[in-house]
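To start, the structure itself, in structure tokens.
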Amino acid sequence: MYTETEIIKDTTDLGPDGELVINMGPQHPATHGVLHLVVTLNGETIKKIEPHLGYIHRSIEKMCESLTYRQFIYVTSRMDYLSSHINNTACALLVEKGMQIEVPERAKVVRTILNELTRIASHELWIGAMAMDLGAFTPFFYAFREREMITDIMEDTCGARLTMNYIVPGGLMYDIHPDFQTKVKAFVKQFKEKVTEYEDLVTGNVIFQSRTKGVGVLTAEEAISYGCTGPVARASGVRCDIRKIAPYDAYDRVEFDEVIETAGDSFARYMVRVKEMNQSIRIIEQLIDQIPEGDFVGKTKNVLKLAKGEFYQRVETARGELGVYIVSEGATTPYRIKFRSPGFSNLSVLDHIAKGSKIGDLMATMGTLDLVIPDIDR
Amino acid sequence: MTNEEIKTYITAHTPEATFDETGEWLTILVESNHLKPLAAVLRGQPMQLDFLFCLTCVDYKTHLTMVYHLTASSNRNINIVLKANVNNADPIIETVSDLWRTAEFLEREVFEMFGVDFLHHPDLRRLILEEDFNGFPLRKDFEDPINMIKL
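For the record, the sequence lines run as chains A and B. Everything in the first sequence is counted per the working numbering, starting at 1 for the first residue and increasing by one. Everything in the second sequence is counted per the working numbering, starting at 1001 for the first residue and increasing by one.
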């Protein structure tokens, strides 16, 4: 048995300068995963935030060293589980680049549509969860109504709702569902009608605006120095969309705008994601009637072997730039693989932008960074 | 800047640097003691490679290689891979976290996974692993009999 003094620490002993250290997580409803933040407070003001990671670390990089180039893709769905299609695409593109595999046009177009649907689903979930963190419960149901349509489309075509594992080196695992185009068109129609509801509920909301405007400001120089990418960097005015910088799949033939905001605060990060969903819809509309007939997978050898050398592939996930770096020794498995995950770099800026603000603002700052913990830990 | 111009520019600063153009991007290999001065040159004018988008380490059994992927936020078409070999018995290299703040976390990850010691790092502690964990998991000689991650 513990004595009472061992269990209850003296609350008057606050350390030097009245500092109070509290542990946020690993089981905290607003971290949406097992993120452990050690927050040092002075009164209600944040003095320091120290992330402690590793609660969901599976050493995917080490695991991949013993998996073949066909197998390792399935593990990557478990990194950023909200962008699993896009993770799969990154790995497939890298193997295709390393082996000069020709991908059929049909596969390229379907991949692009699926990637954009994934991005919308991810942002939908984020809007719901983010608004809930700030105390608004209703947007969660609104967002999940549309997200449900996407997961149904995914279920029809890929057989799974979250970890799809549908994109393989050479193209797609199997052809799309016969109803795919009809269902996507129905989704696009419904989304365009309903997107104004989010604006009414959240964007114009006085409470939401006063809790996010001017909170967690990140300047462009800091965003670059901290390696931030995706909506976090674009809200600070940094052009970093990989779909524009190094187009892959069918992104070179579609028209869309890279959404840029300049304020750099939590509200700007929110606005970037809302506008990005509209751009994704624009991409889907351009491609959905243009899916070419033909094969859905290119000709590949049974055993995939990458040539000796180094390969790097970047893609734009819903959270930012995902990089896959492979060192190959010419074998059937990678010699070393590194995933440059967007969440890891975006988390590293949290201490910097939340310092000096009140602890209540931490929810808005952390929420708009859109952290997915398995992506950070890998 | 073309690859040839970059090579001339770098050779002027670090004559020992060797180049490899077989990959997608220009790769520069330097000795570990030349890495920090060269990184500072690349970060400054006129190259302005202000975005470190990947920092990692590769275990080649005989030695470790630190790999830095650099690009310029103003011109993302310039991509450079900077490499430096360190010995695997006592790996020490200068930190680049004062040039690129993102390196602070990435170097902490390399520190615990490969055991590379970063000189002058502001806060070199473990980030992912527990305090009492033995060994460096991403090194090739690491074996864990309890949590098998090999097939």
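Note that CB positions come from ideal geometry on N, CA and C, so glycine has one too. These numbers come from a predicted model, not from an experiment.
Looking at the secondary structure, which residues open and close the beta strand (DSSP E) in which residue i lies?
| i | result |
| --- | --- |
| residue 1084 of chain B | 1079 to 1087 |
| residue 323 of chain A | 321 to 328 |
| residue 1117 of chain B | 1117 to 1119 |
| residue 46 of chain A | 45 to 52 |
| residue 311 of chain A | 309 to 316 |
| residue 1071 of chain B | 1063 to 1071 |
| residue 337 of chain A | 336 to 340 |
| residue 23 of chain A | 19 to 24 |
| residue 41 of chain A | 36 to 42 |
Measure how close the beta-carbons of residue i and residue j come, nearest whole angstrom, since I'm counting them as under 8 Å.
| i | j | result |
| --- | --- | --- |
| residue 180 of chain A | residue 157 of chain A | 6 Å |
| residue 131 of chain A | residue 141 of chain A | Between residue 141 of chain A and residue 131 of chain A the Cβ distance is about 10 Å, and since that is not below 8 Å, they are no contact. |
| residue 323 of chain A | residue 1053 of chain B | 6 Å |
| residue 309 of chain A | residue 328 of chain A | 6 Å |
| residue 88 of chain A | residue 73 of chain A | 5 Å |
| residue 191 of chain A | residue 86 of chain A | That pair is no contact at about 19 Å. |
| residue 82 of chain A | residue 248 of chain A | Residue 82 of chain A to residue 248 of chain A, Cβ: 20 Å. No contact. |
If you draw a straight line from the C-alpha of residue i to the C-alpha of residue j, how long is it?
| i | j | result |
| --- | --- | --- |
| residue 177 of chain A | residue 303 of chain A | 28 Å |
| residue 227 of chain A | residue 1107 of chain B | 13 Å |
| residue 8 of chain A | residue 266 of chain A | Below a pLDDT of 50, predicted positions are generally treated as unreliable, and residue 8 of chain A, at 48, falls in that range; the measurement from the model is reported next regardless. So the two alpha carbons sit approximately 37 Å from each other. |
| residue 297 of chain A | residue 174 of chain A | 8 Å |
| residue 1062 of chain B | residue 1112 of chain B | 19 Å |
| residue 198 of chain A | residue 342 of chain A | 26 Å |
| residue 184 of chain A | residue 258 of chain A | 23 Å |
| residue 124 of chain A | residue 1005 of chain B | 46 Å |
| residue 326 of chain A | residue 61 of chain A | 10 Å |
| residue 23 of chain A | residue 1001 of chain B | 49 Å |
| residue 217 of chain A | residue 358 of chain A | 13 Å |
| residue 353 of chain A | residue 347 of chain A | 10 Å |
| residue 1176 of chain B | residue 1048 of chain B | Given a span of 1001 to 1151 for chain B in the structure shown, any question on residue 1176 of chain B remains unanswerable. |
| residue 165 of chain A | residue 110 of chain A | 14 Å |
| residue 133 of chain A | residue 53 of chain A | 21 Å |
| residue 269 of chain A | residue 361 of chain A | 15 Å |
Comparing C-alpha positions only, which one of the options sits nearest to residue i?
| i | options | result |
| --- | --- | --- |
| residue 349 of chain A | A:323, A:219, A:315 and A:332 | A:219 |
| residue 1122 of chain B | B:1103, B:1053 and B:1008 | B:1103 |
| residue 121 of chain A | A:291, A:149, A:316 and A:264 | A:149 |
| residue 240 of chain A | A:248, A:163, A:316 and A:288 | A:316 |
| residue 235 of chain A | A:224, A:243 and A:118 | A:224 |
| residue 318 of chain A | A:229, A:91 and A:212 | A:229 |
For residue i, report the span of its alpha helix (DSSP H) as first-last.
| i | result |
| --- | --- |
| residue 1023 of chain B | Counting along the chain, residue 1023 of chain B falls outside any alpha helix (DSSP H), and DSSP gives it neither H nor E. |
| residue 1059 of chain B | Here residue 1059 of chain B belongs to no alpha helix (DSSP H); instead the beta strand (DSSP E) covers 1051 to 1059. |
| residue 165 of chain A | From DSSP, residue 165 of chain A is part of no alpha helix (DSSP H); its letter is neither H nor E. |
| residue 74 of chain A | 72 to 76 |
| residue 62 of chain A | 60 to 64 |
| residue 363 of chain A | 359 to 369 |
| residue 1112 of chain B | 1103 to 1114 |
| residue 1094 of chain B | Looking at the DSSP string, residue 1094 of chain B is not in any alpha helix (DSSP H); the run it does join, the beta strand (DSSP E), is 1092 to 1094. |
Is any beta-carbon of chain D found at less than 9 Å from that of residue i?
| i | result |
| --- | --- |
| residue 1116 of chain B | No chain D appears in this structure, whose protein chains are A and B. |
If you measure beta-carbon to beta-carbon, which residues of the stretch 38 to 59 of chain A are closer than 7 Å to chain B?
Identification of residues in the stretch 38 to 59 of chain A having a C-beta nearer than 7 Å to some C-beta of chain B yields 53, 54, 57 and 59, given in sequence order.
Note down, in chain order, all residues in the stretch 1046 to 1062 of chain B with a beta-carbon under 8 Å from any beta-carbon belonging to chain A.
Flagged, chain order: 1050, 1051, 1052, 1053, 1054, 1056, 1058 and 1059.
Against chain A, which members of the stretch 1022 to 1035 of chain B pass a CB distance test of less than 7 Å?
Of all residues in the stretch 1022 to 1035 of chain B, the ones placed with a Cβ closer than 7 Å to any Cβ belonging to chain A are 1022, 1023 and 1024, in chain order.
What residues from the stretch 319 to 336 of chain A come within 7 Å of chain B, judged by C-beta to C-beta, listed N to C?
Answer set for the stretch 319 to 336 of chain A: 321, 323, 325, 327 and 336.
Name, going along the chain, the residues of the stretch 209 to 239 of chain A whose beta-carbon falls closer than 7 Å to a beta-carbon of chain B.
Under the 7 Å Cβ criterion, the stretch 209 to 239 of chain A contributes 224, 225, 226, 227 and 238.
Using a Cβ cut-off of 7 Å, which residues of the stretch 1070 to 1083 of chain B contact any Cβ in chain A, in chain order?
So the list reads 1073 and 1076, given in the order they occur along the chain.
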